[in-house]
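Peer 1:
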Amino acid sequence: MVERLLITKGRLGLHARAAAKLVRVVSGFESQVLLRRADGGVTADAKSILSVLMLAANQGTELHATADGADEEQAMNAIEEFFAAGFGELEPGTSL
Amino acid sequence: MSQPPDEIRCQGLGVSEGIVIGQVLRMHPGTEQVYHWKIKPAEVETELERFRTAVAQAASQVRSLRQQAEERFGKDHAYIFDAHQLLLEDEKLIGDIESYITAERVNAEWAIKVIGDRILYLYSQIKDDYLRERRSDVEDVMQRILDALSGVSRKNHQLSEDAIIVAQDLLPSAVADLDLEHARALATDSGGWTSHTAILARGIGMPAVIGLRDFYRRAKTGDTIIVDSKRNQVILHPSAATLKAYEAETAAQAKVRLRSDRKHRGPVCTADGVAVTLRANVEVPFEFDWVEFYGASGVGLYRSEFLLAPRGGFVSEDEQCRAYEAIARVAGKDGAVIRLFDLGGDNLREQFQEPEKNPALGLRAIRFVLAHEEIMRAQVRAIMRAAASGVLKIVLPMVADSSDVQRAKSIIEEEAGKLRAAGEKFAEVSIGAMIEVPSAVLMADSIARLVDFFELGTNDLVQYTLAVDRGNDAVADWFHTLHPAVLRSIDQSLRAAERAGIPAIVCGEMASTPAYVVLLVGLGATDLSMTPAAIPRVRRAIAGINASEAKAIVDECLRCDTAEAVESLVRERFIERWPQLFDASSLPKPKPPE
Chain B
0 MVERLLITKG RLGLHARAAA KLVRVVSGFE SQVLLRRADG GVTADAKSIL SVLMLAANQG
60 TELHATADGA DEEQAMNAIE EFFAAGFGEL EPGTSL
Chain U
0 MSQPPDEIRC QGLGVSEGIV IGQVLRMHPG TEQVYHWKIK PAEVETELER FRTAVAQAAS
60 QVRSLRQQAE ERFGKDHAYI FDAHQLLLED EKLIGDIESY ITAERVNAEW AIKVIGDRIL
120 YLYSQIKDDY LRERRSDVED VMQRILDALS GVSRKNHQLS EDAIIVAQDL LPSAVADLDL
180 EHARALATDS GGWTSHTAIL ARGIGMPAVI GLRDFYRRAK TGDTIIVDSK RNQVILHPSA
240 ATLKAYEAET AAQAKVRLRS DRKHRGPVCT ADGVAVTLRA NVEVPFEFDW VEFYGASGVG
300 LYRSEFLLAP RGGFVSEDEQ CRAYEAIARV AGKDGAVIRL FDLGGDNLRE QFQEPEKNPA
360 LGLRAIRFVL AHEEIMRAQV RAIMRAAASG VLKIVLPMVA DSSDVQRAKS IIEEEAGKLR
420 AAGEKFAEVS IGAMIEVPSA VLMADSIARL VDFFELGTND LVQYTLAVDR GNDAVADWFH
480 TLHPAVLRSI DQSLRAAERA GIPAIVCGEM ASTPAYVVLL VGLGATDLSM TPAAIPRVRR
540 AIAGINASEA KAIVDECLRC DTAEAVESLV RERFIERWPQ LFDASSLPKP KPPE
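Residue numbers (numbering that gives the first Met the number 0), protein chains in the order written: chain B, 0 to 95; chain U, 0 to 593.
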C-alpha cells in the first residue's frame with residue numbers, strides 16, 4: 000500500500016468536472032484508491048464520483064490518498080500528477 | 000362577465016437577460032409520487048434485474064443527451080452529462096440501491112427514493128455553494144432511473160409558439176432537451192446564479208428568472224405571463240395596463256426569430272450612400288452558424304469569458320488557441336475581435352476573490368487581468384498563435400485611460416517577443432480599447448493614439464455615465480439610453496477616433512435596436528456589432544434612411560437638456576420622416592406610470 004498527502008489546489012476544488020476526470024483517471028487502475036480528508040472528515044472511494052463529490056474538497060483541502068493493489072505505484076503517480084496539474088485546468092496565479 | 004384574475008408579481012433572480020410575454024407551459028418534474036411495496040424473497044432477483052435494465056436505459060439516454068448538448072452548447076457544457084454518466088456507473092450509488100432492495104425486500108422505486116434522499120441530505124450539509132448545488136445532478140439521475148422504471152421516457156414537449164416554461168426546478172437535461180424554436184423563456188421556483196439551468200439559459204440567450212420560490216403551483220398552463228429578467232420578476236395574469244406597458248417595452252427589442260436574408264450580406268448602405276458594416280456578437284458555439292446565416296461581416300465582439308465553463312476553472316492556453324482558431328474560421332476575412340476576459344464585477348466574482356462591496360466599480364475586466372497577469376499572458380499568447388491561421392484582433396475591456404492600455408500593450412508585446420524567440424507560429428494582432436466608462440470618453444484622444452481601433456460598449460457606457468444600474472427597478476426612471484449625456488459621450492468618442500484616423504465599432508443594445516441605430520448612424524458610426532438575430536432588422540432600418548437626415552436629427556438631440564426631450568424629439572421626427580420604418584410601438588416611450 001502506498002500513501003501520499005495531496006492538496007486540492009484549484010480555486011474551485013474538486014468540482015463536478017474535476018471529480019469526473021479524477022474518477023476516469025483512477026478507474027484505469029486495478030488498485031483500490033481511497034481519499035481521506037486530513038481534517039478527519041469523510042473518506043471517499045476515488046472510483047466513485049458520488050463519493051468524491053461528497054468530500055466537498057474545496058481549495059486547500061488536504062487529502063490523504065492511499066492506493067492498494069498490483070498497480071498501486073502507477074495509480075498513485077497518476078493521481079499525484081492530476082492534483083499537481085490543478086486537475087488539468089488553468090487556475091489563476093499558477094504558471095502556465 | 001367573469002372578473003379577470005388579479006395580477007400576481009413574483010420576485011426572483013434574473014439569470015439570463017430579456018423580457019418576454021407569453022403563455023405558461025408547466026413542466027412536471029416526472030413521477031411525483033413514489034410508492035412503496037414489499038416484494039417476496041423469490042422476487043428479489045427479478046426486481047434487481049428490473050432496476051439494472053432501467054439503469055442501462057438511463058445510461059443510454061444520457062449518452063445521447065451528452066452528444067446533443069455538445070452540439071448545441073459546446074464541449075464546456077456537455078461535461079454535466081459526463082458526471083451523470085459516471086453516477087449511473089457508480090458502484091457506490093448503484094450498489095447501495097441494490098443492497099437496499101435485497102436487504103429490505105422493497106421495490107426498486109422505493110430503494111431509489113430512500114438512498115437518493117440520504118445522499119441529498121448529505122449534500123445539503125456541504126458548505127460550499129457550488130458543490131452543494133450539484134445535488135441537482137443527483138436528482139436528475141435518480142429521476143431518470145425512476146422514469147425508466149415506469150416506462151415513461153422523458154420526451155420533447157410539444158410547445159406552442161410563445162411557450163414560457165414554468166417549473167419547480169428544471170433539471171439540466173430538461174433544458175438541453177427543450178425545443179429552442181418555441182420555448183421563449185424560463186421561470187423556475189428553485190435554482191441560483193450558478194445552477195446549470197441558469198448557465199445554459201445564458202448560453203443560449205433565453206431569458207430566465209429563477210428562484211421564484213412558490214410560483215409553480217400558482218401558474219396554470221395557458222396563463223398569460225411576463226418574464227422580466229431585467230427587473231428580476233415574473234408577472235402572472237398581467238393587467239391590461241401592465242401588458243400595454245410591457246408590449247411597448249418589448250416592441251423596441253422586437254422579436255428574435257430566425258430569419259435569414261440570403262440576398263443581403265456584407266455592409267449595408269443608407270439611401271444616401273453611407274456604407275455601414277454589420278458584425279455579429281457571439282458567445283457560445285451554438286451561435287457560430289448565425290454569423291454566416293445572417294450575413295454578418297465577421298465577429299465584432301467575442302466575449303471570451305464564455306470560454307470558461309462557469310465556475311469550472313480556466314481553460315488551458317492550447318484549448319483557448321483552438322477555440323480562437325474556430326472563431327477566426329467562422330469570422331472569415333472580416334476577422335473576429337476577441338475581448339479579453341471580462342471577469343470580476345458581477346460575473347464569476349465569487350470564485351476568484353472576496354465579494355466586493357461595489358463590484359461594478361471594483362477589480363474587473365482589464366483591472367482583473369492586469370492583477371492576474373498569468374491569465375492575461377496565456378490568453379494573449381493563445382490569441383496570437385491562433386492569429387497565424389486567421390484574422391483576429393484583441394480588445395481591452397473597460398480601460399480607464401491610456402495607462403491601462405500601455406500596461407496591457409507591453410504585456411502583449413512581451414508575449415509576442417517570447418513567441419518569436421521560441422520560434423512558434425503566430426501573428427501580431429491589432430489592439431483596440433473598449434470605451435465604456437466616462438473617464439475613457441474624456442481621455443479618448445490620448446487612448447486613440449495608442450490603439451488600432453475603438454469599440455464602444457454602449458450598455459456599460461449608459462450605466463456608468465448615468466450611474467444607474469439597469470437591473471434596479473427603484474432607479475428605472477433614471478435609466479435612459481437616449482440621455483443627451485450618453486449621446487454626447489458617444490459623439491466625443493467617435494470624434495476622437497476620427498481625429499486619430501482609427502475605426503470605431505459600436506456594440507451593445509443600442510447597436511441592435513433600429514431606432515437607436517438611426518441615431519448612431521447620425522453620429523457618424525459606420526461599424527456596428529450586434530446579436531446576430533438583430534442584423535436583418537438593423538439592415539432594413541439603415542437601408543431606409545438618409546444619413547444626412549439622421550445627422551440633422553441627432554444634432555438637435557445633442558442640444559437637448561433632458562432624456563425626455565430627446566425621446567419626444569425622436570418620436571416626432573422618426574414618425575414624420577420614416578413612417579414606413581417606425582411607428583409608435585417601435586420608438587422609446589415615456590415610462591408608463593407604475
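We put the beta carbon where it would ideally sit given N, CA and C, even for glycine.
Just so it is clear, the structure is predicted and the values come from calculations on it, not from any experiment.
Could one say the Cβ of Ile-144 of chain U lies closer than 9 Å to chain B's Cβ atoms, at least one of them?
Peer 2: The residue given as residue 144 of chain U occupies position 145 in the second sequence. No - not a single Cβ of chain B is within 9 Å of the one on Ile-144 of chain U.
Peer 1: Enumerated in chain order, which unbroken segments of the alpha helix (DSSP H) with a length of 4 residues or greater are wholly contained in the stretch 533 to 584 of chain U?
Peer 2: Entirely contained in the stretch 533 to 584 of chain U, the alpha helix (DSSP H) runs reaching 4 residues are, in chain order, 534 to 542, 546 to 557 and 562 to 576.
Peer 1: Quick one: which chain B residues come within Cβ less than 9 Å of Glu-304 of chain U?
Peer 2: Taking the first residue of the second sequence as position 1, residue 304 of chain U is located at position 305. The premise fails here: Glu-304 of chain U is roughly 13 Å from chain B at the closest Cβ pair, so nothing lies under 9 Å.
Peer 1: Does any residue of chain C have a CB that is nearer than 9 Å to the CB of Gly-12 of chain B?
Peer 2: The displayed structure is made up of protein chains B and U, and chain C is not among them.
Peer 1: Measuring straight from C-alpha to C-alpha, what distance separates Leu-557 of chain U and Gly-85 of chain B?
Peer 2: One-based indexing of the second sequence puts residue 557 of chain U at position 558. One-based indexing of the first sequence puts residue 85 of chain B at position 86. Their Cα atoms are separated by approximately 54 Å.
Peer 1: Within a Cβ cutoff of 8 Å, which residues of the same chain sit near Gln-84 of chain U, ignoring the five residues on either side of it in sequence?
Peer 2: In the second sequence, residue 84 of chain U corresponds to position 85, counting from 1. The residues are Ala-58, Val-61, Arg-62 and Arg-65.
Peer 1: Output the distance between the C-alpha atoms of Pro-266 of chain U and Met-53 of chain B, rounded to the nearest integer angstrom.
Peer 2: Your numbering for residue 266 of chain U matches position 267 in the second sequence. Your numbering for residue 53 of chain B matches position 54 in the first sequence. The alpha-carbon atoms of Pro-266 of chain U and Met-53 of chain B are separated by roughly 55 Å.
Peer 1: Let's test the definition: count the other Cβ atoms within 10 Å of the Cβ of Ile-382 of chain U and tell me whether it reaches 16, buried, or not, exposed.
Peer 2: The residue labelled residue 382 of chain U in the question sits at position 383 within the second sequence. Label assigned to Ile-382 of chain U: buried.
Peer 1: Could you tell me the alpha carbon to alpha carbon distance between Tyr-34 of chain U and Ala-110 of chain U, rounded to whole angstroms?
Peer 2: On the second sequence, position 35 is the one that residue 34 of chain U refers to. On the second sequence, position 111 is the one that residue 110 of chain U refers to. Rounded to the nearest angstrom, the two C-alpha atoms are 10 Å apart.
Peer 1: Nearest-angstrom Cα distance between Gly-12 of chain B and Leu-307 of chain U?
Peer 2: The count along the first sequence starts at 1 and reaches residue 12 of chain B at position 13. The count along the second sequence starts at 1 and reaches residue 307 of chain U at position 308. Cα to Cα, the separation comes out at about 16 Å.
Peer 1: So is Gln-142 of chain U buried or exposed if we call it buried at 16+ other beta carbons inside 10 Å?
Peer 2: If you number the second sequence from 1, residue 142 of chain U lands on position 143. Buried.
Peer 1: Do Ala-370 of chain U and Glu-316 of chain U have their beta-carbon atoms positioned less than 9 Å apart in this structure?
Peer 2: Translated into the one-based positions of the second sequence, residue 316 of chain U becomes position 317. Translated into the one-based positions of the second sequence, residue 370 of chain U becomes position 371. No, the Cβ-Cβ distance between Glu-316 of chain U and Ala-370 of chain U is not below 9 Å.
Peer 1: Starting from Phe-453 of chain U, trace the beta strand (DSSP E) both ways and give me its first and last residue.
Peer 2: For this step, residue 453 of chain U is matched to residue 454 along the second sequence. Counting along the chain, the beta strand (DSSP E) containing Phe-453 of chain U begins and ends at 452 to 456.
Peer 1: Under DSSP, the alpha helix (DSSP H) around Met-53 of chain B begins and ends at which residues?
Peer 2: Walking along the first sequence from the start, residue 53 of chain B turns up at place 54. Here the alpha helix (DSSP H) through Met-53 of chain B covers 48 to 53.
Peer 1: Considering Asn-57 of chain B, what are the terminal residues of the alpha helix (DSSP H) in which it resides?
Peer 2: Counted from its first residue, the first sequence places residue 57 of chain B at position 58. Here Asn-57 of chain B belongs to no alpha helix (DSSP H), and DSSP marks it neither H nor E.
Peer 1: In this structure, how does DSSP classify Leu-211 of chain U when only helix, strand and coil are distinguished?
Peer 2: As a working note, residue 211 of chain U is residue 212 in the second sequence. Residue state, collapsed to three classes: coil.
Peer 1: Give me the DSSP bridge partner(s) of Leu-150 of chain B.
Peer 2: Since the first and last residues shown for chain B are 0 and 95, residue 150 of chain B lies out of range.
Peer 1: Please confirm if Arg-217 of chain U has its CB atom under 9 Å from at least one CB of chain B.
Peer 2: For the purposes of this step, residue 217 of chain U is identified with residue 218 of the second sequence, where counting begins at 1. No, no contact with chain B.
Peer 1: May I have the straight-line CA-CA distance separating Thr-30 of chain U from Asn-106 of chain U, to the nearest angstrom?
Peer 2: Mapped onto the second sequence, residue 30 of chain U falls at position 31. Mapped onto the second sequence, residue 106 of chain U falls at position 107. Bear in mind that a pLDDT of 41 at Thr-30 of chain U, under 50, signals an unreliable position, so the model cannot answer this.
Peer 1: Report the residue from U:Ala-186, U:Glu-571 and U:Val-23 whose alpha carbon sits nearest the alpha carbon of Gly-210 of chain U.
Peer 2: Along the second sequence, one-based indexing puts residue 210 of chain U at 211. Cα-wise, what sits closest to Gly-210 of chain U is U:Ala-186.
Peer 1: Taking the C-alpha atoms as reference points, what is the distance between Leu-441 of chain U and Ser-492 of chain U?
Peer 2: Position 442 of the second sequence, counted from the start, is the residue given in the question as residue 441 of chain U. Position 493 of the second sequence, counted from the start, is the residue given in the question as residue 492 of chain U. Each residue's alpha carbon lies about 8 Å from the other.
Peer 1: Tell me the start and end of each unbroken beta strand (DSSP E) in the stretch 323 to 387 of chain U that is at least 3 residues and wholly inside, in chain order.
Peer 2: If we require 3 residues or more, the beta strand (DSSP E) runs fully inside the stretch 323 to 387 of chain U come out as 335 to 338.
Peer 1: With 9 Å as the threshold, decide whether the Cβ of Val-137 of chain U is near any Cβ in chain B.
Peer 2: Residue numbering aside, residue 137 of chain U sits at position 138 when the second sequence is read from its first letter. Yes, contact with chain B.
Peer 1: Are Pro-502 of chain U and Ala-496 of chain U close, meaning C-beta to C-beta below 9 Å?
Peer 2: Reading the second sequence from its first residue, position 503 is the one you call residue 502 of chain U. Reading the second sequence from its first residue, position 497 is the one you call residue 496 of chain U. In this structure, Ala-496 of chain U lies closer than 9 Å to Pro-502 of chain U by Cβ.
Peer 1: With DSSP as the reference, please indicate the residues paired to Glu-2 of chain B in a beta bridge.
Peer 2: The residue labelled residue 2 of chain B in the question sits at position 3 within the first sequence. DSSP output for Glu-2 of chain B lists B:Thr-65 as bridge partner(s).
Peer 1: With a CB to CB cut of under 7 Å and the five nearest residues on each side skipped, what residues in its chain are close to Ala-385 of chain U?
Peer 2: For the purposes of this step, residue 385 of chain U is identified with residue 386 of the second sequence, where counting begins at 1. Contacts found: Cys-320, Tyr-323, Glu-324, Ala-327 and Leu-391.
Peer 1: Compare the C-beta of Asp-116 of chain U against all C-beta atoms of chain B and say whether one is closer than 9 Å.
Peer 2: In the second sequence, the residue the question calls residue 116 of chain U occupies position 117. No, Asp-116 of chain U lies away from the interface with chain B (no Cβ there is under 9 Å from its Cβ).
Peer 1: When you compare the CB of Ala-15 of chain B with every CB in chain U, is at least one pair closer than 9 Å?
Peer 2: Against the first sequence, residue 15 of chain B aligns to sequence position 16. With 9 Å as the cut-off, Ala-15 of chain B counts as an interface residue toward chain U.
Peer 1: Consult DSSP for Asn-76 of chain B and reduce its assignment to one of helix, strand or coil.
Peer 2: Residue 76 of chain B sits at position 77 when you count from the first residue of the first sequence. It is helical.
Peer 1: Cutting at 7 Å between CB atoms, please list the residues of its own chain near Ser-259 of chain U, excluding the five before and the five after it.
Peer 2: Taking the second sequence and counting its residues from 1, the one referred to as residue 259 of chain U is at position 260. Confidence is the limiting factor: at Ser-259 of chain U the pLDDT is only 46, short of 50, which leaves the residue's position unreliable and the question unanswerable from this model.
Peer 1: Starting from Gln-142 of chain U, follow the alpha helix (DSSP H) in both directions and report where the run begins and ends.
Peer 2: Start at 1 with the first residue of the second sequence, and residue 142 of chain U comes out as number 143. 134 to 149 is the extent of the alpha helix (DSSP H) around Gln-142 of chain U.
Peer 1: Determine the DSSP secondary structure at Leu-518 of chain U, reduced to helix, strand or coil.
Peer 2: For the purposes of this step, residue 518 of chain U is taken as residue 519 along the second sequence, with counting starting at 1. Here Leu-518 of chain U sits in helix by DSSP.
Peer 1: Considering Tyr-34 of chain U, what are the terminal residues of the beta strand (DSSP E) in which it resides?
Peer 2: The residue given as residue 34 of chain U occupies position 35 in the second sequence. Careful: Tyr-34 of chain U lies outside any beta strand (DSSP E) and carries neither H nor E.
Peer 1: Starting from the C-beta of Cys-559 of chain U, find all residues in its chain whose C-beta is less than 6 Å away, skip the five residues before and the five after it, and write them out in chain order.
Peer 2: The residue given as residue 559 of chain U occupies position 560 in the second sequence. So the list reads Pro-483 and Val-565, once near-sequence residues are dropped.
Peer 1: Per DSSP, what are the beta-bridge partners of Arg-278 of chain U in this structure?
Peer 2: Within the second sequence, the letter at position 279 stands for residue 278 of chain U. In DSSP, Arg-278 of chain U forms a bridge with U:Ser-528.
Peer 1: How would you write the range of the alpha helix (DSSP H) that Thr-101 of chain U sits in, first residue to last?
Peer 2: Position 102 of the second sequence, counted from the first residue, corresponds to residue 101 of chain U. Its alpha helix (DSSP H) spans residues 90 to 103.
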